[in-house]
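> Chains as they are written, first to last, in our numbering: chain A, 6 to 265; chain B, 6 to 265; chain C, 6 to 265; chain D, 191 to 436; chain E, 191 to 436; chain F, 191 to 436.
Positions of the beta carbon are idealized from the N, C-alpha and C atoms, including for glycine.
Since the structure is predicted, the reported quantities are computational estimates derived from the model, not experimental observations.
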Amino acid sequence: MTIIPSIKRDYLCRLAEQGKRIDGRKFDEYRKIEIKPNIISKAEGSALVKIGNTQVLTGIKMDVGEPYPDSPETGVLTTGAELVPLASPDFEAGPPQEDAIELARVVDRGVRESEVIELEKLCIEPGEKVWIIFVDIHVLDYDGNLFDAASLASLAALFTTKVPAKRFDLGEDFPLPLREPPVSCTSVKFNNVVVADPCLDEEEIAEARLTVATDKNGDIRAMQKGLSGSFTKDEIKKVIKASINNGKEIRKILYKSIGK
Amino acid sequence: MTIIPSIKRDYLCRLAEQGKRIDGRKFDEYRKIEIKPNIISKAEGSALVKIGNTQVLTGIKMDVGEPYPDSPETGVLTTGAELVPLASPDFEAGPPQEDAIELARVVDRGVRESEVIELEKLCIEPGEKVWIIFVDIHVLDYDGNLFDAASLASLAALFTTKVPAKRFDLGEDFPLPLREPPVSCTSVKFNNVVVADPCLDEEEIAEARLTVATDKNGDIRAMQKGLSGSFTKDEIKKVIKASINNGKEIRKILYKSIGK
Amino acid sequence: MTIIPSIKRDYLCRLAEQGKRIDGRKFDEYRKIEIKPNIISKAEGSALVKIGNTQVLTGIKMDVGEPYPDSPETGVLTTGAELVPLASPDFEAGPPQEDAIELARVVDRGVRESEVIELEKLCIEPGEKVWIIFVDIHVLDYDGNLFDAASLASLAALFTTKVPAKRFDLGEDFPLPLREPPVSCTSVKFNNVVVADPCLDEEEIAEARLTVATDKNGDIRAMQKGLSGSFTKDEIKKVIKASINNGKEIRKILYKSIGK
Amino acid sequence: MKSEEIKLIDSNGKRLDGRGPLDLRKIKIEAGVLHRADGSCYLEWGGNKILVAVYGPREAIPKHIQDQVKALVNARYNMASFSVEDRKRPGPDRRSREISKVISEALERVILTEQFPRTTIDVNIEVLDAEAGTRCAGLTAAGVALADAGIPMTDIPVACAAGKIDGQVVLDLGKEEDNYGDADLPVAIAPRTDEIILLQMDGHLTIEEFDKALDLAIKGCHIISKLQRKALLDRYQSLIEGGDIE
Amino acid sequence: MKSEEIKLIDSNGKRLDGRGPLDLRKIKIEAGVLHRADGSCYLEWGGNKILVAVYGPREAIPKHIQDQVKALVNARYNMASFSVEDRKRPGPDRRSREISKVISEALERVILTEQFPRTTIDVNIEVLDAEAGTRCAGLTAAGVALADAGIPMTDIPVACAAGKIDGQVVLDLGKEEDNYGDADLPVAIAPRTDEIILLQMDGHLTIEEFDKALDLAIKGCHIISKLQRKALLDRYQSLIEGGDIE
Amino acid sequence: MKSEEIKLIDSNGKRLDGRGPLDLRKIKIEAGVLHRADGSCYLEWGGNKILVAVYGPREAIPKHIQDQVKALVNARYNMASFSVEDRKRPGPDRRSREISKVISEALERVILTEQFPRTTIDVNIEVLDAEAGTRCAGLTAAGVALADAGIPMTDIPVACAAGKIDGQVVLDLGKEEDNYGDADLPVAIAPRTDEIILLQMDGHLTIEEFDKALDLAIKGCHIISKLQRKALLDRYQSLIEGGDIE
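Right, dumping it as structure tokens:
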């Protein structure tokens, strides 16, 4: 750690001891969230999400292809993330690195394991032809908390998606059949403080990260701990509680943006 | 720029100011061009082109495969270039780099956009089976002006190509159906001088490059500007004019080599 | 060569001049060979081979797929080797390097050219469906002589392999149909001495390597010379003779391990 | 490029989207749209949506790629996988690598690279929505983003294409015009001197048509150059009003 | 994760393999099984067979990846192509790269990395036979191999999963339970302090169920921790008996 | 390798292409055919057409691959995609990488690598037209190109194969003989000492047959060695006549 980060670290820690954050937020408070749905005309669905200065764009493309042999009657979901060098001086061109892979896999599991997409309604011809959904996460501006921004952009994009049946001579277009989604909320820990929705400065000094996806009943649908620090059981419970609360607010913003 | 190239640069510039080139040619004059057609027995067509010391070998292979969905009744053209380390101390093994990609794409567009190959005659079964043409450019000795050598070798190779119908149980072999080809001529600019058919010494100090493909009517069929220098409108017009003139001569050499 | 290897080299050479090897073996003597067949439950066949401290595990998987166009009625054999970083401080993660490729190809040729597998009995539907055999060589602990260990592990694994016909709805499982295998024996040369079954210390100073596969009649079925040293004709004949003798003993161990 | 049955200009001289032969598609340019980048630009041009971020000059890494006498200009043209009708596999393909190369070369002409030896200036061009003419749109946006980043340049580069459809030379081909037209001529210039820094041509033009098309493309460049300058002025004013600059 | 028709717990409270809800699968651990590695471990856990080799601390290469203040912990989780029902293509896929990342991060927590600046500690985890729970098995074996290599640690890390099947929270999911269960919660801890160093969850748990599952997983960790220590003790004794240590 | 119904030797002892058992195919060798390379050779051998260029000794890059006491010999055997009946994908495959390795090792034996520490000697072998026996042809051409480049060697390496067809040991297998024969034995030697520097064998040979085949292959090497020397002499004379050497 060179001198500047170490000074920043000290400054953030001192603030935290006084119960403060660098941008004036409370420990469990999110930055301003904006969702712009349906902004890419070539995509079947899309949404741009801003959380503070962080911007993530997800685009959905669909195609017709073969189902997996072990689930011949369900559509196929594929999620990818690109940390394009546009978004940060630290992102490099090239095939996805560990961070991008973890990001895509966490978003993917959030959608897949919670069965947000009714994949069983996306069969065209059992064992032969099903709809394939490509969720492509494009990070545009990186100022912390990509997990929540990417997950929210992907959900919003899915909710704007029209299945392009007409283009494939398969009848009329129809909205992608979806269930209630879980909402992801991420917190990080540093210097024994846990804060929600970390900005980049906070992420850079974070010791541990925890993402919790909760549904509208307040049940847990997915979790992912990251970084080389640890959590105590109590800290985890606290993060879960904050995630449920913030999840409720974010769900409202999501629903409003997609006119639901 | 280290000391040797800088001395060479000064020398070439001084020569140019006296209206001279390093190998005694006039500004718009080509080196000696030789074309040896049909020299690879395993290939469906082939030609070795020498422009001065530069040697490029193009081989054509054909296969039967699926057409593109948006053109179900036309053959498929694929062009690749390899700058194998055989040809220059500066070429490295490995996947094609930017220079090889640009070379292949310029040759490809020259053939494709001018519709040299009657691809519509290469359909075997609409939507199912068409002829696939692989144009593989192999640079053997690099002494400048690869664009013209590669383009000429590829045209000559195409004109020697027999479609191997017999090998695929599809009747008798027949010559690849072709139209009149455009001929590419390349010039480079340095120190406000524009010279045609640059040798390696000239390429190394060139600021801008312009390739112009013209047909037998003197119409323009493709252009590609390269390098980080610029051209004025007048310079471009001058290059076009020289390209038309040189193109006529090169066309004669091409026709003679393929017995046309 | 740094100081330690050069001392080791001198030591091994001095020993050799006295007719001795670093671990007390005779020049043509193998280390202890152990074969543990059928230890991976998910694999169709498997075997762990230990030659001294060297450990190699081969697993066999089978699948149903298309035959090669030029042999529509025979099964397909694919052999791969991974020098995973587990096995040596000098092995690196990543795609197979030259050493792993040579290892896989020598094992593959030993099996393929000697027609150990009756591939012609592995056709399911001519031109459409055949059995595909994947021989995957996993090096676990590298203390010299990978060629013999990998080859022996692969043979033993093949001899434990059951074709999983039931899983593919193709009738009852049956043992992979096999012929008498050749057995590979490797020697290396250093300082004008030739020793069989080199340990790592010996491999590190070896100038030339020769692998000879012989069948139960004492005929030669495959050879591969390696490294940048040379052999005289007499040395090669000597290696062949030792390989026939050692091959007989190893064949007994192989047969015993597979209950034959 | 076939003109087949599709009629690209009607009897009133109007093109498929209602434009006249000399009209540009609608263009919108905004500078300074990204937080992390040293300079940035968002540009809409017809159905194209382009985002450009500039980073640098910063030390070129690894060291052996450094040029001791000037900065490397490293433009990277990238299409988002959802920016086209049939999903594009992520990562560079041969087309995008060629475009990256010709744009890098064009930008290098105007950047005062000698001021920053051993560094790299990275110009990341993301095509978010694509509809004919992305290389001109990308280069134009790159010019604004470079200026927004404060990179010293002799001029702000700008690009525009002309082409030929239904036998007529027109400005700025749209999607169908690109697919079914007779020729496409993308051109980039340094607008103060009209030096040509990028030029490609596909199709079929007589010399006379080429001259006309080249003039038309340069004319288009000058119109767009004004939009670039306006976007930068707006950005500068908003910074002043925001108090970021005194 | 669907519980569909398959009954994962019978009327006697027994699971498909005869275990009760709080039972672990059979676990066997052996330390020091490889000749070349600085430390190693072979572990069987139900149908899983895992081999781990530790190399290091050794100089990190190339130099530019070195951390000046601590060792890099580089765990590499790799599945043998024959370790699963349908052959896996050799080399890392996205799943194994994610697992490598979370295991590396978990191990870094307990290793005293500051003692070995500019080095790398490589932890190679080979899954030879796979059957549900390989990441917990791999991390557990890695803990033993690190101790066998003499790498200084604050604690020997250990992992175990809990989950939910047929509506009930149980310990250590088996193959069918993983495929058809309601939730899976792999957890790794530093057993002296119960700090949680790895945590992932897929499925559906109420808060109460989560609390119960987390407690259960930690309980499992402590049982396995004893097996780790026994394996290391056995190894130590065999070294003493072999005369390698006085 | 099956001898099936195809008759490879007729009742008069003639092979498919009319050769007797001890005859080589037609070989043509030319040295110094490329302008840029430090040394080069074009070789035709039956239907094989091979071009070899040698570059070096030159500094090995990156530095960490340098050997402090000798030059690296880096042969790269590459087949042009059009050199075979079914088009080969460009780039190295496993076969060509193995051949590159065994040729590199063989050449290293004769090159005085200790004279050029920290350098690399690159031997680029391009197979332009392929018809059985390309590795022997490539190594033989490489020997000439190395000599043409003035690389100091103890000897000019040369290669030739023997084999067994229709139960008979013959020299230099042709295409059908390679496909349907019983055994193939490519051998390379340093001809002054008959040291064997490359040896591979596929097929089935008794010890007696092997001895006979090895002797035959070495005999073939000596014939070809003369052709190599003649090509180099021709090259040298043309240089003298051209005035390049006094």
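How about L329(E) and L388(E): are their beta carbons less than 8 Å apart?
Yes; because the gap between Cβ atoms is below 8 Å, this pair is in contact.
> Residues of chain D with CB under 8 Å from A201(B), in chain order?
The contacting residues do not exist; A201(B) stays about 17 Å from chain D at best.
> Strictly by DSSP, which residues pair up with F195(A)?
Note: F195(A) sits in a beta bridge opposite V198(A).
> Going residue by residue through the region 277-321 of chain F, where are the continuous beta strand (DSSP E) segments of at least 3 residues, counting only ones entirely within it?
Here the runs fully enclosed are 309-319.
> 8 Å is my cut-off, CB to CB: does I65(B) come that close to chain F?
Interface residue, yes.
> Is F179(A) buried or exposed, if buried means 16 or more other CB atoms sit within 10 Å of its CB?
F179(A) is exposed by the Cβ-count criterion.
> G246(F) and I301(F): beta carbons closer than 8 Å?
For G246(F) and I301(F), no; Cβs fall outside 8 Å.
> Grab me the residues of A21(B)'s own chain with a C-beta within less than 7 Å of its C-beta, minus the 5 sequence neighbours each way, in chain order.
For A21(B), where only same-chain residues beyond five positions count, the Cβ hits under 7 Å are N196 and V198.
> Roughly how far, in whole angstroms, is the beta-carbon of D141(B) from the beta-carbon of A270(F), given that I think they are within contact range, below 8 Å?
D141(B) to A270(F), Cβ: 7 Å. Contact.
> Classify G50(A) as helix, strand or coil using the three-state DSSP reduction.
Of the three classes helix, strand and coil, the one that applies to G50(A) here is strand, per DSSP.
> Quick one: what does DSSP say E436(E) is sitting in, helix, strand or coil?
Bear in mind that a pLDDT of 49 at E436(E), under 50, signals an unreliable position, so the number given afterwards is only what the model happens to contain. DSSP places E436(E) in coil when its eight states are reduced to three.
> Taking only three categories from DSSP, how would you classify C350(D)?
C350(D) falls in the strand class under three-state DSSP.
> Would you mind sorting D95(A) into buried or exposed? The rule is 16 or more other CB atoms within 10 Å of its CB.
With fewer than 16 Cβ atoms within 10 Å of its Cβ, D95(A) is classed as exposed.
> Is there contact here, the region 45-54 of chain B with the region 152-166 of chain B, by at least three beta-carbon pairs under 8 Å?
Contact holds: three or more Cβ-Cβ distances are below 8 Å.
> Give me the chain C residues within the contact set of M391(F), using Cβ-Cβ distance strictly less than 7 Å, ordered along the chain.
Correct list: I225, A227 and M228.
> Would you mind telling me which residues of chain F sit closer than 7 Å to G234(C), beta carbon to beta carbon, in chain order?
Simply R299.
> Roughly how many angstroms lie between the CA atoms of T216(A) and T191(A), to the nearest whole one?
Straight-line Cα distance between these residues: approximately 4 Å.
> In the region 161-223 of chain A, which residue ranges form an unbroken alpha helix (DSSP H) of at least 4 residues, counting only runs that do not cross its ends?
Whole alpha helix (DSSP H) segments, 4+ residues: 205-210.
> Using the beta-carbon count (16 or more within 10 Å), is L336(E) buried or exposed?
When all chains shown are included, L336(E) counts as buried.
> Tell me whether the beta-carbon of A351(D) lies closer than 8 Å to the beta-carbon of D374(D).
Cβ distance < 8 Å, so A351(D) and D374(D) count as in contact.
> Counting only beta-carbon atoms, is H412(F) nearer than 8 Å to chain C?
Answer no: the Cβ-Cβ gap between H412(F) and chain C never drops below 8 Å.
> Closest Cβ-Cβ distance between K47(A) and chain D: below 8 Å?
For K47(A), the answer is yes, since a Cβ of chain D falls inside 8 Å of its Cβ.
> Out of I341(F), A221(F), F306(F) and N268(F), which one is the CA nearest neighbour of Q256(F)?
For Q256(F), the nearest C-alpha among the options comes from F306(F).
> Is G270(A) close to chain E, meaning its C-beta is less than 8 Å from at least one C-beta of that chain?
Outside the displayed range of chain A (6 to 265) lies residue 270(A), so it cannot be described from this structure.
> Which residues in chain B have a C-beta closer than 7 Å to the C-beta of E316(F)? List them in chain order.
In chain order: V89 and L91.
> Rounding to the nearest angstrom, what Cα-Cα distance links L205(C) and L145(C) in this structure?
Rounded to the nearest angstrom, the two C-alpha atoms are 14 Å apart.
> Answer yes or no: does any C-beta atom of chain E fall closer than 8 Å to that of M6(C)?
Legend: pLDDT at M6(C) = 43, less than 50; position of this residue unreliable, value from coordinates given subsequently. Chain E contact via Cβ: absent.
> Classify P252(E): buried if its beta carbon has 16 or more other beta carbons within 10 angstroms, exposed otherwise.
So P252(E) ends up on the exposed side.
> Is the separation between the beta-carbon of Y147(C) and that of T59(C) shorter than 8 Å?
Yes, the Cβ-Cβ distance between Y147(C) and T59(C) is below 8 Å.
> If we ignore side chains and look at the alpha-carbon of each, how far apart do S193(E) and R117(A) end up?
Any reading at S193(E) is ruled out, since the residue's pLDDT is 42, under 50, leaving its predicted position unreliable.
> Against chain E, with Cβ distances strictly below 8 Å, would D141(C) count as a contact?
True, the Cβ-Cβ gap to chain E drops below 8 Å.
> Say whether the region 285-300 of chain D touches the region 375-387 of chain D, bearing in mind that this needs 3 or more beta-carbon pairs closer than 8 Å, one atom from each stretch.
Short answer: they touch.
> Do the region 30-40 of chain A and the region 121-131 of chain A make contact, defined as three or more Cβ pairs closer than 8 Å?
The region 30-40 of chain A is not in contact with the region 121-131 of chain A.
> Checking contacts by CB at 8 Å: is R287(D) closer than that to chain B?
Closer than 8 Å: yes.
> Quick test of your reading: A421(E) and V292(E), contact by CB under 8 Å. State the CB separation rounded to the nearest angstrom.
Rounded, the Cβ-Cβ distance is 24 Å, inconsistent with contact.
> Could you tell me whether any Cβ in chain B is nearer than 8 Å to the Cβ of R284(D)?
Yes - at least one Cβ of chain B is within 8 Å of the one on R284(D).
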